[in-house]
Amino acid sequence: MITTRALLFARSIFVIASVVLSNIVESGASGSTPKAGLAWPNSNYVNVNQFLTTHKVSWYYTWSPYSINADVEFVPMLWGQSQVNEFAASIDQTISREHVTAVLGMNEPQQSDQSNLTPEQGAQMWKTYLEPLRAKGIRLGSPAPSSAPSGKVWIQDFLQACNGGCTVDFIALHWYDVDATAFELYVQDFYETFKRPIWVTEWACQNFNDAAKQCSYDDIVRFMNQTQTFMDKAEYVERYAWFGAMENLQGVNVDDALMDKAGKINSLGRQYIAAQGIGGALTARHLSKRTFRTTALSFLSAILSELL
Ligand SMILES: *[C@@H]1O[C@H](CO)[C@@H](O)[C@H](O)[C@H]1NC(C)=O
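Take 148 as the starting number for the sequence shown in the working numbering and just add one per residue.
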């Protein structure tokens, strides 16, 4: 039998607990979730779990609206014109099935061999396919320009062409070159120019200007360490994904690969997921919050079932 008093009591406990819990969830989201992600073109043909063992990797994307089977957050992407139909047909279902929180805009729009869009076409595509997702609480990432000088200009022209009609919650960008300090300055400049959080959705030690001057493997180890350390610390960098979680690097320096030719995680891959190093500390904080949340929730339901 339920008395009114018991119900009232239960309700006030529930309200208090909800407030406490939502604060915990929020602080978890902003403070301690690791930023590292996987730019993953391999579907489930390559074992993704070997990259998730340290919990340093918290998300992935696939340059497409399609997720894989992986126990970390999926971020869908609208790659460009060639994907609008499949994106439109599947995105609502994917958002609810995968608990999507963010969606990425078009891939290297100012490159003719990539999504190849004028800023006006980009603005039109954004308004048609991406802007409506904000009504579902989804955060939207800008089209991700390549690091050619035309990239920053494209984003500026795109925002102008949007004429206030595109809500860009964060700026996504790609960067390829060989100097870690130049990378830091580039990312910082994008932050200061656009005044939004940054996601670096592709980067690697790769010289596209002088093919003869590539990084050695040791250079790459140092480059990854410096750039990753920088982004882990920089508050305005929300997330990043190295280019190299694949067997075939499509013209990028093969020493940037995070796996060997058979799809097995290699030494650089283990460095990226912080098999040792700062990833451990972040993970411990991440997990303890989670555990606390679970404990609090079961405590709550125990009280409720006792009362009702
Ligand atoms: C960078 O290298 C230092 C020294 O070996 C190490 O302590 C640190 O964890 C590394 N950081 C990353 C992000 O790999």
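Glycine included, each C-beta is placed from N, C-alpha and C at the ideal position.
Here the structure is a predicted model, which is why all the values come from computation and not from measurement.
>> Less than 7 Å between C-beta atoms, sequence neighbours within five positions excluded: which residues of the same chain meet that for Lys408?
In response: Taking the sequence shown and counting its residues from 1, the one referred to as residue 408 is at position 261. So the qualifying residues of the chain are Glu394.
> Is Gln375 near ligand 1, judged by its Cβ being under 7 Å from some heavy atom?
Replying inline: Residue mapping note: residue 375 aligns to position 228 of the sequence shown, counting from 1. Within the cutoff, so yes.
> Within the present structure, is the beta-carbon of Asn189 separated from the nearest heavy atom of ligand 1 by less than 7 Å?
Replying inline: Within the sequence shown, residue 189 is the residue found at index 42, counting from 1. No, the beta carbon of Asn189 sits no closer than 7 Å to any heavy atom of ligand 1.
> Can you find a heavy atom of ligand 1 that lies under 7 Å from the Cβ of Asn372?
Replying inline: On the sequence shown, residue 372 is found 225 positions in, with the first residue counted as 1. Checking the Cβ of Asn372 against ligand 1 gives yes.
> Taking the C-alpha atoms as reference points, what is the distance between Arg386 and Ala359?
Replying inline: Here residue 386 refers to the residue found at position 239 when the sequence shown is read from its first residue. Here residue 359 refers to the residue found at position 212 when the sequence shown is read from its first residue. Those two C-alpha atoms are separated by around 31 Å.
>> Just to confirm the assignment, what range does the beta strand (DSSP E) spanning Gly312 have?
In response: Your numbering for residue 312 matches position 165 in the sequence shown. Premise fails: Gly312 is in no beta strand (DSSP E) and is neither H nor E.
>> Quick check: what's the CA-CA separation for Glu349 versus Val250?
In response: Taking the first residue of the sequence shown as 1, we reach residue 349 at position 202. Taking the first residue of the sequence shown as 1, we reach residue 250 at position 103. C-alpha separation (whole angstroms): 15 Å.
> When you compare only the Cα positions, how much space is there between Leu199 and Lys274?
Replying inline: If you number the sequence shown from 1, residue 199 lands on position 52. If you number the sequence shown from 1, residue 274 lands on position 127. Cα to Cα, Leu199 sits roughly 35 Å from Lys274.
> Roughly how many whole angstroms lie between the Cα atoms of Glu331 and Thr374?
Replying inline: Counting from one through the sequence shown, the residue named residue 331 turns up at place 184. Counting from one through the sequence shown, the residue named residue 374 turns up at place 227. Going by the C-alpha atoms only, they are around 7 Å apart.
> Any idea what DSSP makes of Val347, helix, strand or coil?
Replying inline: Here the question's residue 347 lines up with position 200 in the sequence shown. Three-state result, Val347: strand.
>> By alpha-carbon positions, which one of Gln258, Ile242, Val193 ends up nearest to Gly227?
In response: Here residue 227 is taken as the residue at index 80 of the sequence shown, counted from 1. The shortest C-alpha separation from Gly227 is found at Gln258.
>> Less than 8 Å between the beta carbons of Pro266 and Phe317, yes or no?
In response: Numbered from 1 along the sequence shown, position 119 holds the residue referred to as residue 266. Numbered from 1 along the sequence shown, position 170 holds the residue referred to as residue 317. Contact flag unset, no.
>> At the level of alpha carbons, what is the spacing between Ser214 and Tyr208?
In response: Reading the sequence shown from its first residue, position 67 is the one you call residue 214. Reading the sequence shown from its first residue, position 61 is the one you call residue 208. Each residue's alpha carbon lies about 8 Å from the other.
>> Considering only heavy atoms of ligand 1, does any lie closer than 7 Å to the CB of Ala359?
In response: Counting from 1 along the sequence shown, the entry for residue 359 is found at position 212. Not so, every heavy atom of ligand 1 lies at least 7 Å from the Cβ.
>> Measuring only from the beta carbon, is Asp403 closer than 7 Å to any heavy atom that is part of ligand 1?
In response: Residue numbering aside, residue 403 sits at position 256 when the sequence shown is read from its first letter. Every heavy atom of ligand 1 is 7 Å or more from the Cβ of Asp403, so no.
> Can you tell me whether Val347 is buried or exposed, with buried defined as 16 or more other CB within 10 angstroms of its CB?
Replying inline: Within the sequence shown, numbered from 1, the residue matching residue 347 stands at position 200. Val347 comes out buried.
>> Less than 7 Å between C-beta atoms, sequence neighbours within five positions excluded: which residues of the same chain meet that for Arg281?
In response: Position 134 of the sequence shown holds residue 281. Within the same chain, Arg281 has close Cβ partners Leu287, Thr314.
> Residues bridged to Trp206 by DSSP?
Replying inline: On the sequence shown, residue 206 is found 59 positions in, with the first residue counted as 1. Beta-bridge pairing links Trp206 to Gly184, Glu220.
>> So, under 8 Å CB-CB, Val325 and Asn354 are touching, yes? Tell me the CB distance rounded to an integer number of Å.
In response: Start at 1 with the first residue of the sequence shown, and residue 325 comes out as number 178. Start at 1 with the first residue of the sequence shown, and residue 354 comes out as number 207. Between Val325 and Asn354, the beta carbon gap of about 5 Å places them in contact (Cβ cut-off 8 Å).
> Pro181 to Val219, Cα distance in whole Å?
Replying inline: The residue labelled residue 181 in the question sits at position 34 within the sequence shown. The residue labelled residue 219 in the question sits at position 72 within the sequence shown. If I take the Cα positions, the gap works out to 11 Å.
> How many Å lie between Leu415 and Leu185 at the Cα?
Replying inline: In the sequence shown, counting from the first residue as 1, residue 415 sits at position 268. In the sequence shown, counting from the first residue as 1, residue 185 sits at position 38. Near 14 Å, if we compare the C-alpha coordinates of Leu185 and Leu415.
> Taking just the CA atoms, how far does Ala327 sit from Gln271?
Replying inline: The residue you call residue 271 lines up with position 124 of the sequence shown. The residue you call residue 327 lines up with position 180 of the sequence shown. If you take the alpha carbons of Gln271 and Ala327, they lie about 35 Å apart.
> Pro292: which of Gly311, Gln261, Leu320 sits nearest, CA to CA?
Replying inline: Position 145 of the sequence shown, counted from the first residue, corresponds to residue 292. Nearest option by C-alpha distance: Leu320.
>> Only counting the same chain, and skipping five residues up and downstream in sequence, which positions put a Cβ closer than 6 Å to that of Lys203?
In response: Counting from one through the sequence shown, the residue named residue 203 turns up at place 56. Taken in chain order, the residues that qualify are Pro181, Ala183, Ile420, Ala421, Gly426.
>> If contacts are defined as beta-carbon pairs under 8 Å, then Ala392 and Trp187 qualify, I think. What distance do you get, rounded to the angstrom?
In response: For this step, residue 392 is matched to residue 245 along the sequence shown. For this step, residue 187 is matched to residue 40 along the sequence shown. Confirmed, Cβ separation roughly 6 Å.
>> Check for me: the beta strand (DSSP E) holding Ile318 runs from which residue to which?
In response: One-based indexing of the sequence shown puts residue 318 at position 171. Here the beta strand (DSSP E) through Ile318 covers 318 to 324.
>> What does the alpha-carbon distance come out to for the pair Cys362 and Asn400?
In response: For this step, residue 362 is matched to residue 215 along the sequence shown. For this step, residue 400 is matched to residue 253 along the sequence shown. Looking at the two C-alpha atoms, the distance is approximately 8 Å.
> Is any heavy atom in ligand 1 found nearer than 7 Å to the beta carbon of Ala381?
Replying inline: The residue you call residue 381 lines up with position 234 of the sequence shown. For ligand 1, not one heavy atom lies less than 7 Å from the Cβ of Ala381.
>> When you compare the CB positions of Tyr338 and Ser294, do they come within less than 8 Å of one another, or not?
In response: The residue given as residue 338 occupies position 191 in the sequence shown. The residue given as residue 294 occupies position 147 in the sequence shown. No, these two residues do not count as a Cβ contact at 8 Å.
> Is Ala327 near ligand 1, going by C-beta to nearest heavy atom under 7 Å?
Replying inline: Looking up residue 327 in the sequence shown gives position 180. Not under cutoff, so the answer is no.
> What residue range is occupied by the uninterrupted alpha helix (DSSP H) comprising Leu287?
Replying inline: As a first step, residue 287 is located in the sequence shown; it is residue number 140 there, counting from the start. Careful: Leu287 lies outside any alpha helix (DSSP H), inside the beta strand (DSSP E) at 286 to 288.
> Quick one: what's got a C-beta closer than 7 Å to Phe390's C-beta in the same chain, skipping five residues either side?
Replying inline: The residue given as residue 390 occupies position 243 in the sequence shown. Answer for Phe390: Ala186, Glu349, Trp350, Ala351, Val399, Asp403, listed in chain order.
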